[in-house]
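Written below as structure tokens is the structure these notes are about.
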Ligand SMILES: CC(C)(COP(=O)(O)OP(=O)(O)OC[C@H]1O[C@@H](n2cnc3c(N)ncnc32)[C@H](O)[C@@H]1OP(=O)(O)O)[C@@H](O)C(=O)NCCC(=O)NCCS
């Protein structure tokens, strides 16, 4: 799955760009930071969240994600990344730390393909660990159209962070208190996706 060639449909001219999804390594850190910066510019259009649009992911953070779990990169060819997803085990389930599609490639299915790659990893991991259900979590803005509603459409449900585990509660608290991400009218929430483990 992760190395399959896919097509990103362009809504403007129906041309298609082929890309692959592969595991990222430390050699991809600069590229990943550039995609993250481009993707978060989307928040510049929301006055209350506009400062988030200027946030650039630190190389140290990307290095931490690589050491804790996996990053999958969607790329046309080396050096031409369209998007990435970073996920790692937290409270015994797969937690998505970030998913970002480059601003020029959004709305063409790249984010959905990256999400499906992590779903497959979670299914395989659950089967390997002898757990019947695969679970994937994240924290996000409940009502920003490309956050909560986008995940809901892809099978996530809003849950109480405490029902997953203490590290999810810590993450929600950090988003609010240290990262100042909760703004008037913009609620943060914890979401969970569940499916049966892969058949072994
Ligand atoms: C969330 C994100 C990764 C989705 O990536 P993507 O490649 O655009 O995702 P897809 O093309 O698979 O899906 C886009 C869908 O959202 C819909 N959509 C709704 N509003 C949209 C908007 N303002 N911009 C883009 N897509 C929008 C599209 O119509 C499409 O719907 P579909 O499922 O009916 O096709 C991307 O929007 C992004 O990088 N956002 C900024 C970073 C971010 O907020 N990440 C999540 C943090 S929790």
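Numbering (my numbering), first residue to last: 21 to 220.
The C-beta atom is built at its ideal place from N, Cα and C for all residues, glycine as well.
field: CA-to-CA distance, residue 214 to residue 147, given in whole angstroms
entry: 13 Å
field: Reference residue 119; option with closest CA among 98, 218, 133, 109
entry: 133
message: Could you compute how far the alpha carbon of residue 35 sits from the alpha carbon of residue 124?
response: Unreliable positioning characterises residue 35 in this predicted model, as indicated by a pLDDT of 41, which lies under 50. The coordinate reading is nonetheless provided below. In a straight line, the C-alpha of residue 35 is about 14 Å away from that of residue 124.
task: Report whether the distance from the Cβ of residue 158 to the nearest heavy atom of ligand 1 is below 7 Å.
output: yes
- prompt: Which first and last residues belong to the beta strand (DSSP E) in which residue 118 is found?
  reply: 113-121
message: Relative to the C-alpha of residue 181, which candidate in 175, 83, 189 has its C-alpha closest?
response: 189
message: With a threshold of 7 Å (Cβ to nearest heavy atom), would residue 167 be considered close to ligand 1?
response: yes
- prompt: What do you get for residue 153, buried or exposed, if any count of 16 or more other CB atoms within 10 angstroms of its CB means buried?
  reply: exposed
query: For residue 154, which of helix, strand or coil comes out of DSSP?
result: strand
query: Which class does residue 98 belong to by DSSP, given the choice of helix, strand or coil?
result: coil
message: Per the DSSP calculation, residue 160 is bridged to which residue(s)?
response: 209
query: Counting along the chain, where does the beta strand (DSSP E) carrying residue 177 start and finish?
result: 177-179
field: Limits of the unbroken alpha helix (DSSP H) element including residue 49
entry: 49-60
message: Considering only heavy atoms of ligand 1, does any lie closer than 7 Å to the CB of residue 38?
response: no
task: Return yes when the Cβ of residue 68 is within less than 8 Å of the Cβ of residue 205, no when it is not.
output: yes
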